[in-house]
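The next block holds one structure in the form of structure tokens; read it before the comments.
Residue numbers (UniProt numbering): 1 to 286.
In structure tokens:
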């Protein structure tokens, strides 16, 4: 019954010194790091955080069509975030009916199909990608110069300050990056996201002026075009033997733990647990 993975609380007790690396650290990371947070917002490329504009939600569709048209003429791509799968699909159909090459992406789309969709957007097979939470983080699309966030003033996880900052950041790899938040009012989450984006933008502007840097959009190959020229990591024979020996010790101790648990020998069980704790720590540090 004790042969199971560690739960998070147990893992915290044995984990080594830890560095959290994130563009958008969560509450847990900030809490456990306390005052030992190092900010790194300056980009050597000089790229600025996007300009952020708030526009009325009423009549947003005509405004969005005009903004998409501007981007398409410049051969840039557009990201649009909605709140539901249905609205993403309906907006895709509407844009397509109006002559705009658009596709949607949400959780119903298989992982391999998502890669194909993103590559298609970057390659210019279509111009507008509409999604929900999948457009929040992890997408590297330097060709995208506009992200339009619909219903930006709605309360909830998808429109929290954290989520808005992530969505705005989707166009931070383009020198002309801009985010438009369609809303009827500016919520506290919106204000926090806008203020933080502007703060980072001003820091980068000051750095660029001081160092004579002109921002330039990042350039990245499409998935599948990457070439790996790095040599694979080769471990020494001694390292492999030590690792193998440690794994054997852990396996043996875990087997003993099961046996003594079955016989009800609580003292031996406690002893082996302490020994396993030490072995697990060695494994983490090796």
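Each residue gets a CB set at the ideal place from its N, CA and C atoms; glycine is no exception.
Distance between residue j and residue i (C-alpha atoms, nearest Å)
i	j	result
residue 75	residue 124	8 Å
residue 92	residue 33	43 Å
residue 38	residue 166	19 Å
residue 269	residue 202	59 Å
residue 98	residue 168	26 Å
residue 197	residue 109	31 Å
residue 256	residue 104	54 Å
residue 200	residue 14	36 Å
residue 22	residue 61	34 Å
residue 20	residue 29	7 Å
residue 214	residue 142	17 Å
residue 9	residue 156	28 Å
residue 114	residue 129	11 Å
residue 31	residue 24	14 Å
residue 160	residue 246	45 Å
residue 207	residue 276	51 Å
residue 326	residue 26	Beyond the ends of the chain as shown, which are 1 and 286, falls residue 326; an answer cannot be given.
residue 187	residue 101	32 Å
residue 81	residue 11	36 Å
Cβ-Cβ distance between residue i and residue j below 9 Å
i	j	result
residue 55	residue 181	yes
residue 50	residue 177	yes
residue 192	residue 41	no
residue 67	residue 185	no
residue 2	residue 261	yes
residue 253	residue 284	no
residue 53	residue 179	yes
residue 146	residue 83	no
residue 158	residue 133	yes
residue 274	residue 16	no
Among the options, nearest to residue i - alpha-carbon criterion
i	options	result
residue 59	12, 87, 183, 144	183
residue 171	79, 208, 262, 31	79
residue 306	174, 185, 35, 22	Lying before the first or after the last residue shown, residue 306 is absent from the chain, which here runs from 1 to 286.
residue 290	107, 272, 194, 154	Here the chain covers residues 1 to 286 and nothing more, so residue 290 does not appear.
residue 88	101, 106, 71, 100	106
residue 121	274, 72, 85	72
residue 85	131, 47, 100, 69	131
residue 210	36, 46, 4, 35	46
residue 48	217, 278, 279, 251	217
Span of the beta strand (DSSP E) around residue i
i	result
residue 81	77-81
residue 206	Careful: residue 206 lies outside any beta strand (DSSP E), inside the alpha helix (DSSP H) at 188-211.
residue 33	Note, residue 33: premise wrong, no beta strand (DSSP E); alpha helix (DSSP H) at 27-33.
residue 178	178-182
residue 51	51-55
residue 21	From DSSP, residue 21 is part of no beta strand (DSSP E); its letter is neither H nor E.
residue 219	No beta strand (DSSP E) holds residue 219; DSSP gives it neither H nor E.
residue 9	From DSSP, residue 9 is part of no beta strand (DSSP E) but of the alpha helix (DSSP H) over 8-14.
residue 164	From DSSP, residue 164 is part of no beta strand (DSSP E) but of the alpha helix (DSSP H) over 161-168.
Residue i beta carbon near the ligand ADP (any heavy atom closer than 8 Å)
i	result
residue 57	The model depicted lacks the ligand ADP and carries no ligand whatsoever.
Extent of the continuous alpha helix (DSSP H) run through residue i
i	result
residue 85	85-97
residue 69	60-73
residue 148	Counting along the chain, residue 148 falls outside any alpha helix (DSSP H), though it belongs to the beta strand (DSSP E) covering 144-149.
residue 37	Element bounds for residue 37: n/a, residue is neither H nor E.
residue 122	111-123
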